[in-house]
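Step one of this worksheet: look at the structure below.
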Amino acid sequence: MNKQYLTDLKCNTCGQTYDINGSIQSLCPTCPPLHATLECVFDYSAVKEAFKANPLSKRRDMSIFRYMELLPVLNPDAHIPLQIGWSPLYASATGAEKLGLKHLLIKDDSHNPTASYKDRASAMAVARAAELGFSAICTASTGNAAASLAACSRAVHFPCVVFVPEKTPTAKLIQMLAYGAIVFRVEGTYDDAFEISIRACETFDWMNRSAGYNPYLVEGKKTGAWELAEQTGFNLPDTVFVSVGDGSIISGLCKGFQELAELGYVKHIPRVIGVQATGANTLVRAWNRFVETGALDIDTTIQPSTIADSISVGIPREGIRALRMVKAANGFMMAVSDEEILTAMRRLPLETAVMGEPAAAAAYAGLIKGSQMNMIDKNSTAAVFVTGSGLKDSVAAENAWRSSPLNAIKPGPNVFNMITRILKDTKIQ
Ligand SMILES: [Zn+2]
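Going left to right, the sequence shown walks through residues 51 to 479 as the working numbering numbers them.
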């Protein structure tokens, strides 16, 4: 049993601790909802001993489960039998040159089973739901989390129910249906779907995987930081860019970097920079207020509107913790417009050979803007997390490449004349 590593669930605001196997498995009951996120607490000295006895360099499991002692799963055999994590890290010389960087690293999480970073978190939620004895797991999602939960649940044949907003992209809906989840499409926004999921979980006693509500997601999401460290030989980049919707992925990455320092693997952690869409910039506004006044609060009245569906969140449930974590990582929050996201969607595959969905491209848009506006040091090393595949949202992809030439040719004796004529006007890139 793994119990000696995960010790408590602790409220991020009041510090109250709760039994990891107790009845409180979502929010701290005494704090206001957006401030009530629970955090997994680990016995790091025990983890340190375990890592000394069984060094990472000798471990053969090339998935998130190689970090088992740092995961909130008590049964060490409770793997989700899918290849989750240990996604490729690419160095892009072209991207680095164009952006004036020393090195540009692309962490490509489109390689996960459902082509999204969310698989890292869903695996934790499903494993924990099963060991806590819930009858089913449920989530509200803009699309990726639900698709991911459907796959992870299917892998261990655990019942899965999802609530998604009506604007969820078709490819993501197809994934949920393919894996046999019970899908409810809500005529409303993600925030409407979230409220319904909470009530459904209370009514039917299901575990809720929704971000900012389930305390185990962040622990799966932190594994990207650990992989980045191992893949760079513990020579972490100066800055890390990641897009932000509810704030859960960025909280996870920050926690992973903190742990790397805590356990003595690195001396310095990267500045972690969160990128939101201008039309869903609740946390950028909250960050600016936080920096100016020290007050941590979230305006819940913003109606999100952006092409980046994965980060189209009006009420970031994990936001308060995310802002605290970004501050501790000496980072900041910034916004990019939909136009900048579309430009980044086109530039990302041309410059790095990785294609991202709009939310993933938002992180690259943040890096482009950050380097143009001297928000980061020239000649430094930056990493961008590509959190979802470019094929996850085909409508957005069509919009991004609508103006790209599709050279129509007809078979026949003149075909090579046509090809030659077109090639004369085309720059082979
Ligand atoms: Zn509390």
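For each residue, glycine too, the CB sits at the ideal point set by N, CA and C.
Three-state class that DSSP yields for M51 in the structure shown: Interpretation of M51 is limited by its pLDDT of 45, a score under 50 that renders its predicted location unreliable; the figure taken from the coordinates is listed afterwards. Correct three-state label for M51: coil.
Strand pairing of A327, partner residues [DSSP]: DSSP output for A327 lists V386 as bridge partner(s).
Proximity test, C483 beta-carbon vs ligand 1 heavy atom, cut-off 8 Å: Coverage of the chain is limited to positions 51 through 479, which leaves residue 483 absent and any answer about it impossible.
Nearest-angstrom beta carbon gap, S293 and T437 [assumed within contact, 8 Å]: Contact holds; Cβ gap of about 6 Å.
Under the three-state DSSP convention, the category H129 falls into: Reduced to three states, the DSSP call for H129 is coil.
Selected residue, minimal CA-CA separation from T289, among A171, L155 and Q225: Between T289 and the set A171, L155 and Q225, the nearest pair of CA atoms involves L155.
DSSP three-state assignment for A423, whether helix, strand or coil: Note that residue 423 is Met in the sequence shown here, rather than Ala. Note: M423 maps to coil in three-state DSSP.
Which residues DSSP lists as bridging D158, in chain order: Per DSSP, V436.
Alpha helix (DSSP H) runs contained entirely in the segment 80-125, provided each spans 4 or more residues: The segment 80-125 contains these whole alpha helix (DSSP H) runs: 94-103.
Own chain, CB closer than 8 Å to A355, minus 5 neighbours either side, in chain order: In the sequence under discussion, the amino acid at residue 355 is Ser, which differs from the Ala named in the question. These residues qualify, in order along the chain: G329, A330 and S362.
Given D241 as reference, the closest of E342, Q353 and Q225 once Cα atoms are compared: When only C-alpha atoms are compared, the closest one is Q353.
M51, buried or exposed, once every other Cβ within 10 Å from all chains shown has been counted against 16: Residue confidence is low: M51 scores 45 on pLDDT, short of 50, so the model does not pin down where it sits. Its coordinate-derived value is still stated next. Exposed, since its Cβ has fewer than 16 Cβ neighbours within 10 Å.
Member of E181, I319, A372 and V322 whose CA lies at the smallest distance from the CA of G72: The candidate whose alpha carbon is nearest that of G72 is E181.
CA-to-CA distance, A190 to A327, given in whole angstroms: In this model, A327 and A190 are separated by some 20 Å (Cα to Cα).
Neighbourhood of S453 by C-beta, 6 Å cutoff - its chain only, sequence neighbours within 5 removed: Listed in chain order, the non-local C-beta contacts of S453 below 6 Å within the same chain number zero, local neighbours out to five positions each way being set aside.
Pair within 9 Å by beta-carbon distance, A179 and W256: Judged by beta-carbon spacing, W256 lies within the 9 Å limit of A179, meaning their Cβ atoms are closer than that value.
Which of helix, strand or coil DSSP assigns to T431: Secondary structure at T431: strand, using DSSP grouped into helix, strand and coil.
G65: CB within 8 Å of a non-hydrogen atom of ligand 1: Flag set: Cβ of G65 near ligand 1.
Secondary structure, beta strand (DSSP E): runs of 3+ residues fully inside the segment 203-265: Counting whole runs of 3 or more residues, the segment 203-265 contains the beta strand (DSSP E) stretches 210-215 and 232-236.
Neighbourhood of K53 by C-beta, 7 Å cutoff - its chain only, sequence neighbours within 5 removed: Per-residue confidence for K53 stands at a pLDDT of 49, beneath the threshold of 50, marking its modelled position as unreliable; the derived number appears in the next sentence. Residues L124 of the same chain have their beta carbon placed closer than 7 Å to that of K53, with the five preceding and five following residues left out of the count.
Option in L286, Y94 and W337 with minimal Cα separation from F382: Of the listed residues, the one whose Cα sits closest to F382 is W337.
Residue ranges of each alpha helix (DSSP H) within the segment 260-303, 4 or longer: For the alpha helix (DSSP H) assignment, the uninterrupted runs of no fewer than 4 residues enclosed by the segment 260-303 are, from N- to C-terminal side, 267-271 and 273-281.
DSSP state of V404 mapped onto helix, strand, coil: The DSSP-derived three-state label of V404 is coil.
Ligand 1 heavy atom lying under 8 Å from the CB of H161: Distances between the C-beta of H161 and the heavy atoms of ligand 1 are all 8 Å or more.
Cut-off 8 Å between Cβ atoms - residues of its own chain near G79, not counting five sequence neighbours on either side: The residue you asked about is not Gly; residue 79 is Pro in the sequence shown. Taken in chain order, the residues that qualify are A86.
Residue span of the beta strand (DSSP E) that contains L456, given as start and end: That residue, L456, is in no beta strand (DSSP E); it is neither H nor E in DSSP.
Cβ pair G295, M174 closer than 9 Å: Remark: C-beta atoms of G295 and M174 do not approach each other more closely than 9 Å.
Sub-9 Å separation of T164 and N194 beta-carbons: Yes, the Cβ-Cβ distance between T164 and N194 is below 9 Å.
As assigned by DSSP and simplified to three states, the class of Y68: Looking at Y68 - three-state DSSP - the assignment turns out to be strand.
Distance between beta carbons of R371 and G297, contact taken as under 8 Å: At roughly 7 Å, the Cβ-Cβ gap stays under 8 Å, so G297 and R371 are in contact.
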